[in-house]
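Mapping the sequence shown onto the working numbering, position 116 (from 1) lands on 1564, and the numbers just tick up by one.
Just below is one structure, and these are the notes that go with it.
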Amino acid sequence: MKTLIGLLFAVLGGGAYADCTFQVSGPSNHTYSEQDIITFVTSEIRPVLAKTSTLIPIRIAKVCDGSVVGTLQLTMDSEDYYIVQVQQHHLSEEESKYTDSNLTLSRAGLDEALDKSISFDGLSLQDRQDAVKTFAFYFAESARFTDIENIANALLAGNCTQDWTKYAHLLRRWARISKNALQHGDVSDLFHGGVNDNLLAPISQTMIVNYNAANPADQVSVPAPSCERLQNAQFGAQ
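Okay, structure coming up:
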């Protein structure tokens, strides 16, 4: 297993978007800049994981030349970090389902998803599914997994991209990796949730390695994003 730190710091110095940026806020109503989105996730989203359901608001504003040009509201369930509403539209099971459609994760992709989702009710089913996958990657999956936390930070820096399907298997194994960790490790310092108290956050690289060792037929990998200055870098569980 290789560390995330070298890649992370190398890409965070990359280009910013000069004209437009994001601001996010949530339970505390404190506003975080685009550069601090993952700090927002780790300090305000990750700790809400619980055994009972509470609706958590996430507000994303797009700011261009100092003016807010669009605002998106997500609603998350504290029981499992599921996004349950977009723009107060209650997501159906089909809309929130993780499909394997082609979706490129990038800073530009998040920008596009935000622009489209301002009028969420007018989107096609696939566009709704892709928007949910995009928002969930940055705000839910980065709360669930330390690897995704670091990957999301690299993507937001603007120099990296990756196909969502590269992470699909990992994202669908949160409950199983949590179960394995609960059975075999010290998880007292993690956040616990789920109606059956069976979900953990954050899932560490070590927990993924231990899951792979216990499940040789169901190996989970975490490929690096493709980055302009680190084309051959790879990190996470191999």
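Cβ coordinates follow ideal geometry from the N, Cα and C atoms, glycine included.
Sorted by chain position, which residues of the same chain lie with C-beta nearer than 6 Å to residue i's C-beta, five sequence neighbours on each side aside?
{"i": "residue 1544", "result": "1580"}
{"i": "residue 1463", "result": "Low confidence applies here, because residue 1463 scores a pLDDT of 39, under 50, leaving its location unreliable; read the following figure in that light. The answer, listed in chain order, is 1606."}
{"i": "residue 1578", "result": "1551"}
{"i": "residue 1516", "result": "1509"}
{"i": "residue 1584", "result": "1531"}
Specify the secondary structure class of residue i as computed by DSSP and reduced to three states.
{"i": "residue 1495", "result": "helix"}
{"i": "residue 1533", "result": "strand"}
{"i": "residue 1599", "result": "helix"}
{"i": "residue 1500", "result": "coil"}
{"i": "residue 1566", "result": "coil"}
{"i": "residue 1487", "result": "helix"}
{"i": "residue 1643", "result": "coil"}
{"i": "residue 1526", "result": "coil"}
{"i": "residue 1605", "result": "coil"}
{"i": "residue 1559", "result": "helix"}
{"i": "residue 1590", "result": "helix"}
{"i": "residue 1571", "result": "coil"}
{"i": "residue 1630", "result": "helix"}
{"i": "residue 1519", "result": "strand"}
{"i": "residue 1546", "result": "coil"}
{"i": "residue 1511", "result": "strand"}
Among the candidates the options, whose CA atom is the shortest distance from the CA of residue i?
{"i": "residue 1531", "options": "1499, 1493, 1563 and 1517", "result": "1493"}
{"i": "residue 1668", "options": "1655, 1504, 1636 and 1483", "result": "1655"}
{"i": "residue 1660", "options": "1624, 1650 and 1638", "result": "1624"}
{"i": "residue 1536", "options": "1505, 1634, 1468 and 1646", "result": "1505"}
{"i": "residue 1472", "options": "1549, 1587 and 1649", "result": "1587"}
{"i": "residue 1662", "options": "1675, 1649 and 1633", "result": "1633"}
{"i": "residue 1641", "options": "1608, 1622 and 1514", "result": "1622"}
{"i": "residue 1597", "options": "1658, 1484, 1477 and 1476", "result": "1484"}
{"i": "residue 1556", "options": "1479, 1567 and 1582", "result": "1582"}
{"i": "residue 1643", "options": "1527, 1480, 1474 and 1491", "result": "1527"}
{"i": "residue 1610", "options": "1478, 1675 and 1476", "result": "1675"}
Please report the distance separating the alpha-carbon of residue i from that of residue j.
{"i": "residue 1665", "j": "residue 1533", "result": "35 Å"}
{"i": "residue 1628", "j": "residue 1593", "result": "15 Å"}
{"i": "residue 1652", "j": "residue 1595", "result": "7 Å"}
{"i": "residue 1541", "j": "residue 1569", "result": "15 Å"}
{"i": "residue 1604", "j": "residue 1489", "result": "13 Å"}
{"i": "residue 1499", "j": "residue 1559", "result": "33 Å"}
{"i": "residue 1502", "j": "residue 1525", "result": "6 Å"}
{"i": "residue 1690", "j": "residue 1486", "result": "Outside the displayed range of the chain (1449 to 1686) lies residue 1690, so it cannot be described from this structure."}
{"i": "residue 1571", "j": "residue 1564", "result": "8 Å"}
{"i": "residue 1539", "j": "residue 1553", "result": "21 Å"}
{"i": "residue 1482", "j": "residue 1495", "result": "20 Å"}
{"i": "residue 1671", "j": "residue 1608", "result": "12 Å"}
{"i": "residue 1657", "j": "residue 1514", "result": "45 Å"}
{"i": "residue 1637", "j": "residue 1576", "result": "36 Å"}
{"i": "residue 1566", "j": "residue 1602", "result": "25 Å"}
Starting from the C-beta of residue i, find all residues in its chain whose C-beta is less than 8 Å away, skip the five residues before and the five after it, and write them out in chain order.
{"i": "residue 1562", "result": "1470, 1508, 1510, 1518 and 1520"}
{"i": "residue 1548", "result": "1613 and 1616"}
{"i": "residue 1480", "result": "1471, 1472, 1473, 1487 and 1488"}
My assumption, with CB atoms under 8 Å, is that residue i sits in contact with residue j. Please give the rounded CB distance.
{"i": "residue 1573", "j": "residue 1612", "result": "With a Cβ gap of about 17 Å, residue 1573 and residue 1612 do not count as contacting."}
{"i": "residue 1591", "j": "residue 1529", "result": "5 Å"}
{"i": "residue 1639", "j": "residue 1497", "result": "4 Å"}
{"i": "residue 1635", "j": "residue 1648", "result": "6 Å"}
Only counting the same chain, and skipping five residues up and downstream in sequence, which positions put a Cβ closer than 7 Å to that of residue i?
{"i": "residue 1421", "result": "The structure shown does not extend to residue 1421, since the chain spans only 1449 to 1686, so no value can be given for it."}
{"i": "residue 1599", "result": "1673"}
{"i": "residue 1468", "result": "1510, 1511 and 1512"}
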